[in-house]
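Below is one structure, written out as structure tokens; comments come after it.
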Amino acid sequence: MRASVLVEPGRIEIRERAVPTPAPGDVLVQVSSVGVCGSDAHYYREGRIG
1 MRASVLVEPG
11 RIEIRERAVP
21 TPAPGDVLVQ
31 VSSVGVCGSD
41 AHYYREGRIG
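Count the sequence shown with UniProt numbering and you get residues 1 to 50, in order.
This is the structure in structure tokens:
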């Protein structure tokens, strides 16, 4: 699967990750789209919250 990884402030890379195996009672969902909230944008710019 692909994952967005914040490598450093202002730099995100798309990386391949292994698909996790759900534990008994867990589910695995396929995400088709995502959103970005204000704290995500701050974390992208600053590399931390606050």
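Glycine included, C-beta positions come from ideal geometry on N, C-alpha and C.
As the crow flies, the alpha-carbon of Ile14 is around 15 Å from that of Ser32.
Within the same chain, Cβ atoms closer than 8 Å to the Cβ of Arg2 are found at Ile14, Arg15, Glu16 and Arg17, the five residues on either side in sequence being excluded. Sorting Gln30, Gly47 and Gly10 by C-alpha distance to the C-alpha of Val19 places Gln30 at the top. Look at Arg2 here: in three-state DSSP terms it is strand.
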